[in-house]
């Protein structure tokens, strides 16, 4: 294997494996409330495009790393959509009128 290919695989491995701690933390906590849905949606779209590009040019480092990244990023996106926290109702004033017309 050429050294350029090894560099590409090493770079891809590092950037891909960076998602693993977030996947593990989100899975264990069952909470993704602080993660941006928009960011992960856009990111997954970009990674899918990189994967498509890699397939079109038959570039193994691009294909492998973006496939792995897409799986991890889609996992986080899935958790974000699945582990939605229920919204707690605002406590009532026990039927009392607390508006400006109250006595």
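Numbering (the working numbering), first residue to last: 210 to 312.
Here a beta-carbon is modelled for each residue, glycine too, at the ideal position from N, C-alpha and C.
Per-residue DSSP class, three states only, for residue i
i: residue 227; result: coil
i: residue 219; result: helix
i: residue 237; result: helix
i: residue 213; result: helix
Residue from the options with nearest C-alpha to residue i
i: residue 212; options: 256, 262, 270 and 223; result: 270
i: residue 254; options: 222, 283, 215 and 219; result: 283
i: residue 290; options: 216, 257, 227 and 239; result: 239
i: residue 279; options: 267, 293 and 227; result: 227
i: residue 225; options: 273, 293 and 287; result: 273
i: residue 251; options: 285, 230, 266 and 221; result: 285
i: residue 293; options: 260, 245, 256 and 268; result: 245
i: residue 256; options: 241, 217 and 281; result: 281
i: residue 219; options: 288, 261 and 275; result: 275
i: residue 214; options: 268, 249, 288 and 264; result: 268
i: residue 222; options: 234, 277 and 288; result: 277
i: residue 287; options: 230, 236, 260 and 216; result: 236
The alpha helix (DSSP H) enclosing residue i, as first and last residue numbers
i: residue 244; result: Looking at the DSSP string, residue 244 is not in any alpha helix (DSSP H), and its letter there is neither H nor E.
i: residue 284; result: 269 to 291
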